[in-house]
Amino acid sequence: MKFIHLADLHLGKKVFGYDMMEEQQDVLNQVVTLAQARQVDGVLICGDVYDHPLPPVDAVNLLDQFLEALHCQHIPVLIISGNHDSAGRLDFGSGILKETAIHIAGTWNGQVEFVDFDQEGESVRIHMLPFLRPGIVRAALGVDCRDWNEALKLALDTTQFKEDAANILMSHQFYAGGQVCDSEAANIGTLDQVSTSVLEPFDYCALGHLHNPQSTGRPENRYPGTLLKFSFSEINAQKSITLIETHPDHSITIEEVPVVPKREMIHLKGMFADLLEKDFVRRVDREAYVYITLEDSQEVFQAFEKLRERYPRILKIEYCNLPRFRTLDEYTPAASRMKSPLEIVTEFYALQNDQDLSEAMKTQVQEIWEEMHETD
């Protein structure tokens, strides 16, 4: 049987203030097209369906359209909650939706839910474990559990394995060995890492939480990554749709189908003047999200605004050759009182810019100081 494995949709996400709804709708359409073309038996969404616990209406509508499109193709959908989701809100309507082959495990009630698939003598059982913290396990099982590894082990001990079937786990956790990137690093520390040893009993683990496609522990412990790039650390990543196929011997084949983003994210590097040259601009996709590194040795006045005229979807600029700030510990009030204003400004400028104040600038500083005193 064939299943599409997705995670970390983050519907409603904004990247540096830019709404990503158009890009998200486009890439979900690609998922529907692939599901139909490959005649998949189900779609697994492994947490972080939304970017926020209270998602905007447009994000909810987009999920609704996506589920309806899959339902029209008679494709079952299995969804678990992630750490960005409101488990209770995601559960809304789950009892009724189950009758339409849309299975949602938002809140964990102390037992790992499962859905069975049977086709032409082959059987697959998919176990749905939403995002867990030790506190959730303590409340559900009434045990004193404060360690993440212990919590996941206790939760997975409630798994009802099916003999003579491929047992697949859906889980949204940070399993040891996974590599984080900028778009999720702020939400992930090290205390919540879980050993991959708890995953060994399963034939395939459909994971969510990490944004770059990767396996951890073994090939069958798979993070599909996000469908879109959400940070600069992902610029060179090839985003894809993970397609898995189960076999009668319970082995799993994993295929990564590349996605084509509606708008690419690119990195430009060079001198400010060069990046404004028409010949250079002409070679750059104006629809792309752009991250720019300027090689100028001094900050350019209104650089962001001027560059945005050429690159409408500029996300951020940074400088790579600006002199680094040195320590200013020597500039105590007592030391400053022993120096003239011109001496203070001259030394500060030299510390900040690795060069001396020009004679013309010294004259200007002196004139400004004198004007201030005349005003007083």
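In terms of my numbering, the sequence shown is residues 31 to 406.
Glycine included, C-beta positions come from ideal geometry on N, C-alpha and C.
Cα-Cα separation between residue i and residue j, rounded to whole angstroms
i	j	result
residue 31	residue 91	30 angstroms
residue 215	residue 264	A caution first: residue 215 carries a pLDDT of 49, below 50, which makes its placement in the model too unreliable to give a value.
residue 245	residue 277	20 angstroms
residue 209	residue 249	14 angstroms
residue 290	residue 297	18 angstroms
residue 102	residue 163	36 angstroms
residue 338	residue 151	59 angstroms
residue 202	residue 159	8 angstroms
residue 222	residue 295	30 angstroms
residue 391	residue 378	13 angstroms
residue 106	residue 323	45 angstroms
residue 82	residue 60	24 angstroms
residue 309	residue 299	15 angstroms
residue 251	residue 288	20 angstroms
residue 304	residue 321	15 angstroms
residue 175	residue 161	16 angstroms
residue 394	residue 204	58 angstroms
Burial state of residue i, where buried means 16 or more other Cβ atoms lie within 10 Å
i	result
residue 402	exposed
residue 351	exposed
residue 172	exposed
residue 194	exposed
residue 54	buried
residue 154	buried
residue 63	exposed
residue 112	buried
residue 388	exposed
Contact check, residue i vs residue j, beta carbons under 8 angstroms
i	j	result
residue 228	residue 186	yes
residue 156	residue 198	yes
residue 143	residue 292	no
residue 9	residue 335	An answer regarding residue 9 cannot be provided, because it is not within the stretch 31 to 406 covered by the chain.
residue 258	residue 57	yes
residue 274	residue 282	yes
residue 33	residue 71	yes
residue 37	residue 371	no
residue 243	residue 286	yes
residue 138	residue 170	yes
residue 206	residue 226	yes
residue 121	residue 134	yes
In DSSP terms, what residue i is bridged to
i	result
residue 251	235
residue 144	157
residue 197	155
residue 49	44
residue 244	253
residue 288	270
residue 205	224
residue 346	321
residue 185	In the DSSP output, where bridge partners are listed per residue, residue 185 has none listed.
residue 36	75
Entirely enclosed alpha helix (DSSP H) segments - the stretch 65 to 115, minimum 4 residues: Taking only runs of at least 4 residues, the alpha helix (DSSP H) segments lying wholly in the stretch 65 to 115 are 87 to 102.
Would you list, in sequence order, the uninterrupted beta strand (DSSP E) runs of no fewer than 3 residues that lie entirely inside the stretch 294 to 331? Taking only runs of at least 3 residues, the beta strand (DSSP E) segments lying wholly in the stretch 294 to 331 are 295 to 300 and 319 to 324.
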